[in-house]
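Sequence order for the protein chains is V and B.
Each residue of the first sequence is one higher than the last, beginning at 534 in the working numbering.
Each residue of the second sequence is one higher than the last, beginning at 3 in the working numbering.
Virtual Cβ for every residue (Gly too), placed ideally from N, Cα, C.
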Amino acid sequence: MVTYVFIFLALLALGAAVGMVVSKNTVNSALFLVLNMVALAGIYLILEAQFLAVIQVLVYAGAIMVLFLFVIMLLNLDAEESLFNKFRVKYFIAFLLGITVLSQILYSLGNISDMLPEISPEMAQVGTVEAVGDVLFTEYLLPFELTGILLTAAVVGALLIAQHNVKSAPKND
Amino acid sequence: MIEIDWYLALSAILFTVGIIGVLIRKNAIVIFMSVELMLNAVNLSLLSFSSYHGNIDGQIFVFFSLAVAAAEAVVGLAIIIAIFRNNLSVDVSKINLLRW
């Protein structure tokens with residue numbers, strides 16, 4: 534049963550990823566990415582990481598993708614011309630590079646495949662909110678607080694970069 | 003029960019799709035979304051190792067990587083807005099001010 538659910542979610546994630554790359558409308562790309570992230574959250578649930586599955590849906594599919602959609606709507610882009618109108622050497626090279634990277638990763642995985650871990654018996658208790666919070670607020674307290682500083686810096690930086698300053702910086706194009 | 007190889011293979015394939023997306027697309031926003039896809043693929047492999055070892059540290063790592071990805075998305079989109087304001091385009095082949 535779990536195997537079928539995994540296969541379904543994996544195919545869904547894969548199809549959504551390919552759809553994101555090839556669809557010419559940017560809004561469609563963003564919605565495909567949301568689908569991909571929801572499927573990945575399902576896979577996280579199979580891996581017994583409940584907390585991260587919820588975080589994935591809330592933060593990624595919720596917050597970040599809404600931000601993406603806002604920017605897409607704000608910029609009001611036209612649909613790009615279709616990728617497959619004409620064959621380009623560039624696409625072929627990109628595809629070849631991608632296949633090279635994939636085969637490298639799979640080759641190195643195949644070399645160590647007898648050293649990969651078996652299913653751990655305590656897998657079920659690992660991913661609960663209680664277990665994650667327990668480690669996060671004791672052992673990883675300092676990185677956690679640093680994350681807060683990082684997010685604050687990112688928000689301030691984004692405000693600075695994106696604000697429209699009319700007086701200074703005359704347009705030089 | 004599923005072997006860990008399948009999770010790692012799925013992660014590798016998603017990462018490759020992200021790479022191809024970065025290479026062939028010209029729209030800066032779609033390139034950015036492909037980078038997010040690659041981040042997600044790496045998160046998946048971290049998480050599968052964490053679960054199969056029964057060790058929580060990988061999940062903490064994924065948590066921090068999510069936070070960094072959020073910060074990166076915010077700053078990157080702000081940069082895209084700023085570029086659009088100057089160029090009226092997010093086509094990366096038309097952003098060539100620093101190219102020689």
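Simplified DSSP assignment, three categories, for V:Asp647: coil
7 Å Cβ cut-off: residues of chain B touching V:Glu581: Ser53
CB contact check: B:Ile33 to chain V, cutoff 8 Å: no
Under 8 Å by beta carbon: chain B residues contacting V:Phe670: Simply none; closest approach about 11 Å.
Residue-level contact to chain V via CB, B:Val19, 8 Å cutoff: yes
Beta-carbon contacts of V:Ala549 that lie in its chain and below 6 Å, excluding the five residues immediately before and after: Phe565, Leu568, Asn569
B:Asp93 versus V:Thr680: straight-line alpha-carbon distance, rounded: 32 Å
V:Phe603 versus V:Asn561: straight-line alpha-carbon distance, rounded: 13 Å
Option nearest V:Leu675 by Cα separation, candidates B:Lys28, B:Phe66, B:Ser91: B:Phe66
V:Tyr640 to B:Phe17 span [Cα, whole Å]: 15 Å
CB contact check: V:Val554 to chain B, cutoff 8 Å: yes
Span separating the alpha-carbon of V:Ala627 from that of V:Val571: 27 Å
Cβ-based neighbour list, V:Gln559, same chain, cut-off 6 Å, excluding 5 preceding and 5 following: Reading the sequence as shown, one finds Thr at residue 559 of chain V and not Gln. Excluding positions up to five away in sequence, the list reads Ile605, Leu610.
V:Asn561, DSSP secondary structure in three states: helix
Beta-carbon proximity of B:Val64 to B:Leu48, cut-off 8 Å: yes
Segments of 4+ residues assigned as alpha helix (DSSP H) that fall wholly inside the stretch 26 to 61 of chain B: 30 to 55
Where B:Leu10 meets chain V, residues with beta-carbon distance less than 7 Å: Leu642
Contact set between B:Asn98 and chain V, taken where Cβ atoms lie within less than 8 Å: Per Cβ cutoff of 8 Å: no residues; B:Asn98 is ~12 Å from chain V at best.
8 Å Cβ cutoff met for V:Leu573 and V:Ala546: yes
Neighbouring residues, chain V, relative to B:Ser50 (Cβ below 7 Å): Leu580
CB-CB length for B:Val24 against B:Ser36, believed under 8 Å: 5 Å
Under 8 Å between C-beta atoms of V:Leu544 and V:Gly575: no
Buried versus exposed, by CB contacts within 10 Å (16 or more), B:Phe34: buried
Within-8 Å CB hit, B:Arg101 to chain V: no
Of the listed residues B:Gly56, B:Val19, B:Val70, nearest to V:Leu684 (C-alpha basis): B:Val70
Anticipated Cβ contact below 8 Å, B:Ala30 with V:Ala691, distance rounded: Not confirmed; about 16 Å, so no contact.
Secondary structure, beta strand (DSSP E): runs of 3+ residues fully inside the stretch 561 to 585 of chain V: none
Reference V:Phe625; option with closest CA among B:Ile97, B:Ser95, B:Ile26, B:Ile21: B:Ile26
Whole-number beta carbon distance between V:Val668 and B:Ile58, since they are thought to touch under 8 Å: 5 Å
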